[in-house]
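Chemist: Taking my numbering, the leading residue of the sequence shown gets 1127, the next gets one more, and so forth.
Glycine included, each C-beta is placed from N, C-alpha and C at the ideal position.
Note that the coordinates shown come from a computational prediction; the quantities given were computed from them, not determined experimentally.
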Amino acid sequence: MRNPKQPVPRRTGDQADKRPRPERKSRHTRVFIGLLAGLAAGFAVRLSGLPEDTVESIVRWVKPAGDVFLRMLFMTVMPVLISALSLGVSELGDIRRVGRIGLKTLGFTLFVSGAAVLTGVLAVHVVNPSGGLSEADRLALLKRFPVPASAQTAETQAGGGMIDALVKIVPKNPLEDMVRAFDPSYTGGGILAVIFFAFMLGIAMALAPPAKTAGLKACLEGLFETMMKLIDIGMRFAPVGVFALLFSLSATMGFSILAILSRYVAVVLAGLLVHLFFTYSVLLSSFGRMRPGFFFRNTAELMLIAFSTSSSNATLPAALRTATERLGLKKDVSRFVLTLGATANQNGTALYEGVTVLFLAGCFGVHLTFVQQITVVVLCVLAGVGTAGVPGGSLPAVIMILAGIGVPAESMGIILGIDRLLDMSRTVVNVQGDLVAAAVVNRSS
Ligand code: ASP
1127 MRNPKQPVPR RTGDQADKRP RPERKSRHTR VFIGLLAGLA AGFAVRLSGL
1177 PEDTVESIVR WVKPAGDVFL RMLFMTVMPV LISALSLGVS ELGDIRRVGR
1227 IGLKTLGFTL FVSGAAVLTG VLAVHVVNPS GGLSEADRLA LLKRFPVPAS
1277 AQTAETQAGG GMIDALVKIV PKNPLEDMVR AFDPSYTGGG ILAVIFFAFM
1327 LGIAMALAPP AKTAGLKACL EGLFETMMKL IDIGMRFAPV GVFALLFSLS
1377 ATMGFSILAI LSRYVAVVLA GLLVHLFFTY SVLLSSFGRM RPGFFFRNTA
1427 ELMLIAFSTS SSNATLPAAL RTATERLGLK KDVSRFVLTL GATANQNGTA
1477 LYEGVTVLFL AGCFGVHLTF VQQITVVVLC VLAGVGTAGV PGGSLPAVIM
1527 ILAGIGVPAE SMGIILGIDR LLDMSRTVVN VQGDLVAAAV VNRSS
């Protein structure tokens, strides 16, 4: 953690102080201790034999510390998104260059997400996680995990049609999309509409006379730097917040359902690990000209933040700092690619969606033809692009894909109990995927 007596460097990015910071290691260690202690304490309570309602009330007391930590991060998301993306686009200055970087980022996203889903599909075929599940098991699981009302709302939304969803990406009132971006009942463009607005704001700023836009740019710069400081303040609570989040998770997680779903979890995690350490290493060394060892060493703290917050958006400010200060990437490229990637480039989510849909189809005995499996891959890639970078952001997309291939959407209830753990894991892959994309685009721009 930063020493309070030490002067805080005023700027992040290219001009930032690049000297090694000893306090980072200490914060990293403390967050990690919080993570392990939270898990250990949660399991101890779970195994202590205390009555269920006593465990629940302990969790009710501990959980708010985790919620406060999450909220500290969430409150910076909208201001960071608006300032970072619009400045990222406008600072590129040359619109043709924006177009090239945008196209490269998009192409990279689609290609790598496709590779991620195929990794997941392959893993499902090799392991067949739903093999051997009895009808009695299926009914018991559905009884144990009824589908929540919010998921049903999402299903209705998903039926709204692709063209309608695309039109809504252009916001009628960007303020409304900002205010309701995290509201599951909102049927507007949400966070994608905000991204579109910030993108257009950046283009317009780049095209307008510089003398007239200098004030607005300075204001957005100030907002961005202030949010970076705010996130730093929030991160001081990380060890306690992470402890509380992990404690409530491990104390309430159902062990019986974990046993039944362990193969499914193993397949998702194995797929994510392969994508994280193999696919990303290949991409980094071949297209990004960056040593994977250097990359993973310098992003270790970020992986912990992504894991504990389960949110690409909440991790975005820390990712921006890591890209420029630890990996030495260009500020304008990092801002653009990472801000866009926090929502649009979700490789881990795409992989997870592919495995989940095939697993659930298997549980229900729905045989998917080759064409249907290709459809699943395409839908997962698109859903990965459109998923909000928030905890559980991909659940509506999974429901949409299930409905699309004729598997009862209610079967989603089977995996909701363990989603948090997988959410934490796929978020790490999502965030790392954004940094890999930034490294590759940085190298080629
Ligand atoms: N939690 C993920 C993220 O923020 C999104 C998801 O897969 O639900 O990247």
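On a Cα-Cα basis, can you pick out the residue from M1304, L1547, R1552 and L1402 that is closest to S1388?
Modeler: Nearest of M1304, L1547, R1552 and L1402 to S1388, Cα basis: L1547.
Chemist: Tell me the rounded alpha-carbon separation between A1509 and L1292.
Modeler: So the alpha carbons of these two residues sit roughly 13 Å apart.
Chemist: Quick test of your reading: T1425 and L1561, contact by CB under 8 Å. State the CB separation rounded to the nearest angstrom.
Modeler: Yes, they are in contact, since the Cβ atoms of T1425 and L1561 sit about 6 Å apart, within 8 Å.
Chemist: Taking just the CA atoms, how far does S1216 sit from A1337?
Modeler: Their Cα atoms are separated by approximately 14 Å.
Chemist: Between which two residues does the alpha helix (DSSP H) holding D1193 run?
Modeler: Counting along the chain, the alpha helix (DSSP H) containing D1193 begins and ends at E1178 to F1200.
Chemist: Should P1443 be counted as a contact of the ligand ASP given a C-beta to heavy atom distance under 7 Å?
Modeler: Every heavy atom of the ligand ASP is 7 Å or more from the Cβ of P1443, so no.
Chemist: Only counting the same chain, and skipping five residues up and downstream in sequence, which positions put a Cβ closer than 7 Å to that of G1236?
Modeler: As written in the sequence, residue 1236 is Leu, which differs from the Gly given in the question. V1507, listed in sequence order.
Chemist: One question on the structure: do L1173 and F1325 come within less than 8 Å of each other, judged by their Cβ atoms?
Modeler: No, they are not a contact pair.
Chemist: Considering only the beta carbon of each residue, do T1202 and M1353 sit closer than 8 Å?
Modeler: Yes, Cβ-Cβ distance for T1202 and M1353 is below 8 Å.
Chemist: Exposed or buried, G1192, counting other C-beta atoms within 10 Å across all chains shown (16 or more means buried)?
Modeler: Buried.
Chemist: Measuring only the C-alpha atoms, how far is L1333 from G1519?
Modeler: Their backbone Cα atoms lie some 34 Å apart in a straight line.
Chemist: Taking the CB atoms as reference points, tell me whether L1398 and L1477 lie closer together than 8 Å.
Modeler: Contact: yes.
Chemist: Are the CB atoms of G1168 and S1374 nearer to each other than 8 Å?
Modeler: Closer than 8 Å, so yes.
Chemist: Report the start-end ranges of each alpha helix (DSSP H) in the region 1342-1416 that is 4 residues or longer and not cut off at the edges.
Modeler: The qualifying runs are 1364-1378, 1381-1399 and 1406-1409.
Chemist: Can you find at least 3 beta carbon pairs, one from the region 1238-1255 and one from the region 1477-1490, that sit closer than 8 Å?
Modeler: Verdict: yes, contact present.
Chemist: Cβ atoms of V1566 and L1372: under 8 Å apart, would you say?
Modeler: Their beta carbons are not under 8 Å apart, which means L1372 does not touch V1566 by this criterion.
Chemist: Check whether the Cβ atoms of V1483 and A1249 lie closer than 8 Å to each other.
Modeler: Against a cut-off of 8 Å, the Cβ pair of A1249 and V1483 comes out as no contact.
Chemist: Are the CB atoms of F1462 and I1227 within a distance shorter than 8 Å?
Modeler: Cβ distance < 8 Å, so I1227 and F1462 count as in contact.
Chemist: Is any beta-carbon of chain C found at less than 8 Å from that of G1175?
Modeler: In the structure shown, chain C cannot be found, because there is only a single protein chain.
Chemist: With respect to the alpha helix (DSSP H) encompassing F1490, which residues constitute its N-terminal and C-terminal limits?
Modeler: From DSSP, F1490 is part of no alpha helix (DSSP H); its letter is neither H nor E.
Chemist: Is any non-hydrogen atom of the ligand ASP found closer than 7 Å to the C-beta of R1552, if you look at the structure I gave you?
Modeler: Flag set: Cβ of R1552 near the ligand ASP.
Chemist: Within this structure, are the beta carbons of A1440 and F1234 separated by less than 8 Å?
Modeler: Not closer than 8 Å, so no.
Chemist: Which of the three DSSP states, helix, strand or coil, is assigned to L1236?
Modeler: Of the three classes helix, strand and coil, the one that applies to L1236 here is helix, per DSSP.
Chemist: For D1549, count neighbouring Cβ atoms within 10 angstroms of its own Cβ and tell me buried if that reaches 16, exposed if not.
Modeler: D1549 comes out buried.
Chemist: Taking L1494 and V1368 to be in contact with their CB atoms under 8 Å, please state how far apart those CB atoms are, rounded to whole angstroms.
Modeler: That pair is no contact at about 39 Å.
Chemist: For F1350, count the other beta carbons within 10 Å of its own beta carbon; 16 or more makes it buried, fewer makes it exposed. Which is it?
Modeler: F1350 should be labelled buried.
Chemist: What is the rounded straight-line gap between the Cα of K1343 and the Cα of L1213?
Modeler: Taking the straight line joining both Cα atoms gives about 7 Å.
Chemist: Could you check the C-alpha separation between G1240 and E1479 for me, to the nearest Å?
Modeler: Roughly 12 Å separates the two Cα atoms.
Chemist: Which class does P1517 belong to by DSSP, given the choice of helix, strand or coil?
Modeler: Note: P1517 maps to coil in three-state DSSP.
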